[in-house]
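Undergrad: Encoded as structure tokens, here's the structure I'll be asking about.
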Amino acid sequence: MATMKANTLIRPGQLNMRDVDRPEPGPEDVLIRVRAVGLCGSDIHYYEHGKIGPYVVKEPIILGHEVAGEIVEIGDAVTHLSIGQRVAVEPGRTCGTCRFCKSGRYNLCKEVSFLATPPYDGAFCEYIAVRHDLVFPVSDSISDETAALIEPFSVGLHAVERGRVAAGETVVIMGMGPIGMMSAMAAKLAGATTIIGVDLEESRLLAAKDMGVTHTVLLGQEEVDHKVAEITGGTGADVAIETAGNGAAFASAVAAVSRGGRVVLVGLPPTETAELNVSHVVDNELDILGVFRYRNTYAKAVALIEAHQLNFDPIVTGRFLLEETEAAFNQALVDKANTIKLVIYPKKPASV
Ligand SMILES: [Zn+2]
Ligand SMILES: [Zn+2]
Numbered sequence: 045m046a047t048m049k050a051n052t053l054i055r056p057g058q059l060n061m062r063d064v065d066r067p068e069p070g071p072e073d074v075l076i077r078v079r080a081v082g083l084c085g086s087d088i089h090y091y092e093h094g095k096i097g098p099y100v101v102k103e104p105i106i107l108g109h110e111v112a113g114e115i116v117e118i119g120d121a122v123t124h125l126s127i128g129q130r131v132a133v134e135p136g137r138t139c140g141t142c143r144f145c146k147s148g149r150y151n152l153c154k155e156v157s158f159l160a161t162p163p164y165d166g167a168f169c170e171y172i173a174v175r176h177d178l179v180f181p182v183s184d185s186i187s188d189e190t191a192a193l194i195e196p197f198s199v200g201l202h203a204v205e206r207g208r209v210a211a212g213e214t215v216v217i218m219g220m221g222p223i224g225m226m227s228a229m230a231a232k233l234a235g236a237t238t239i240i241g242v243d244l245e246e247s248r249l250l251a252a253k254d255m256g257v258t259h260t261v262l263l264g265q266e267e268v269d270h271k272v273a274e275i276t277g278g279t280g281a282d283v284a285i286e287t288a289g290n291g292a293a294f295a296s297a298v299a300a301v302s303r304g305g306r307v308v309l310v311g312l313p314p315t316e317t318a319e320l321n322v323s324h325v326v327d328n329e330l331d332i333l334g335v336f337r338y339r340n341t342y343a344k345a346v347a348l349i350e351a352h353q354l355n356f357d358p359i360v361t362g363r364f365l366l367e368e369t370e371a372a373f374n375q376a377l378v379d380k381a382n383t384i385k386l387v388i389y390p391k392k393p394a395s396v
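Adding 44 to a residue's 1-based position in the sequence shown gives its number in our numbering.
Structure below.
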């Protein structure tokens with residue numbers, strides 16, 4: 045059997061380059077040579093703690109789920125893809141038959157296998173086999189890196205869709221990490237004209253301007269409610285998107301929207317519960333909406349990126365080779381202030 049290199053999580057805090065079996069594509073799959081993989085907060089969480097909620101790393105696992113690559117082999121039943129195509133890979137494979145899948149809300153399917161979520165391996169390796177419907181060809185105008193980052197961009201697109209962001213609206217976004225940044229870009233594409241980014245780090249707010257943010261709030265020096273009131277003439281924002289994952293940000297998001305506003309929750313708080321001013325929500329008829337991953341975003345993302353010639357360079361703060369994956373994890377852990385998104389390359393590309 046053919047082998048490949050994989051940078052595998054052996055136990056929390058320990059990654060090892062290993063030779064492992066190269067996956068064999070089934071009749072409905074394609075084999076993809078990995079070209080770029082984003083390092084996600086969830087990967088870092090598995091690396092540090094060995095689990096996320098109910099998902100526990102019991103066996104060595106290959107992390108990484110934000111993937112782009114090139115098709116090198118196709119299964120017998122696959123007719124619409126061809127060898128040599130560059131593609132973005134949607135990481136969640138769902139059952140296709142449950143009521144959520146049938147109704148189009150397949151991100152709620154219980155029978156999902158998601159890359160880099162135990163027990164399923166991810167993409168910090170040379171090859172992955174993927175079912176054909178999870179593979180989206182991209183044109184040469186889209187870089188490998190931008191194609192890989194369609195995954196976090198999808199979360200932003202879904203958040204904006206859940207919040208029903210419309211042309212001319214004001215959106216406030218709590219947290220300018222990768223998901224906050226992608227939400228800003230998605231809000232801009234949806235026609236939002238005022239996009240207020242909130243973060244503790246000035247460097248992130250600076251980068252956020254290249255992702256569509258029009259106004260910023262530097263926490264510690266400025267207050268969200270004052271700044272939002274000032275920008276909106278006292279009305280409040282139409283939509284708040286919470287990506288920071290903490291109770292204070294959640295409360296700020298609820299307070300930042302106008303009467304009838306929408307509050308979209310993407311960030312997961314460290315504790316399961318957070319305080320909510322229920323009478324404020326009821327009196328002002330607010331909508332509070334959860335976001336779990338995304339659905340039906342990949343084709344849309346590819347079209348938007350091509351049409352608007354978008355790239356996600358402003359949020360990429362580091363690039364590493366596959367054998368340097370552990371260094372990337374450590375950088376993400378020790379230099380949180382200056383790290384937004386790191387990308388791993390299995391093979392050295394010309395530009396890195
Ligand atoms: Zn991710
Ligand atoms: Zn299903």
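The beta carbon of each residue, even a glycine, is placed where N, CA and C say it ideally should be.
1) In chain order, what residues of the same chain have a beta carbon less than 6 Å from the beta carbon of residue 346, not counting five sequence neighbours either side?
2) Per the DSSP calculation, residue 157 is bridged to which residue(s)?
3) Could you give the uninterrupted runs of the beta strand (DSSP E) lying entirely in the stretch 249-314, keeping only those of 3 residues or more?
4) Classify residue 339 as buried or exposed, calling it buried when 16 or more other Cβ atoms lie within 10 Å of its own Cβ.
5) Starting from residue 342, follow the alpha helix (DSSP H) in both directions and report where the run begins and ends.
6) Let me have the residue list for ligand 2: C-beta closer than 7 Å to any non-hydrogen atom, ordered along the chain.
7) Looking at C-alpha atoms only, which residue of 387, 344, 271 and 78 is the closest neighbour of residue 115?
8) For the pair the stretch 285-303 and the stretch 210-229, tell me if three or more CB-CB distances fall below 8 Å.
9) With respect to 7 Å, is the separation between the Cβ of residue 89 and the closest non-hydrogen atom of ligand 1 below this value?
10) Can you tell me whether residue 110 is helix, strand or coil according to DSSP?
11) What is the DSSP secondary structure of residue 58, reduced to helix, strand or coil?
12) Just verifying my parser: in three-state terms, what is the DSSP assignment at residue 166?
13) Report the CB separation of residue 152 from residue 107 in whole angstroms; it is logged as a contact under 8 Å.
14) Measuring only the C-alpha atoms, how far is residue 142 from residue 64?
15) Could you tell me if the beta carbon of residue 86 falls within a distance shorter than 7 Å of some heavy atom in ligand 1?
16) Looking at C-alpha atoms only, which residue of 326, 281 and 294 is the closest neighbour of residue 473?
17) Is residue 125 helix, strand or coil by DSSP?
18) Shortest alpha-carbon distance to residue 328 belongs to which of 304, 336 and 343?
19) Can you pull the DSSP bridge partners for residue 91?
TA: In this structure, then:
1) 180 and 182
2) 137
3) 259-262, 281-286 and 301-309
4) buried
5) 342-352
6) 138, 139, 140, 141, 142, 144, 145, 150, 153, 154 and 155
7) 78
8) yes
9) no
10) strand
11) strand
12) coil
13) Contact doesn't hold; Cβ gap of about 24 Å is too wide.
14) 34 Å
15) yes
16) Nothing about residue 473 can be reported from this structure: the residues present for the chain run from 45 to 396 only.
17) coil
18) 304
19) In the DSSP output, where bridge partners are listed per residue, residue 91 has none listed.
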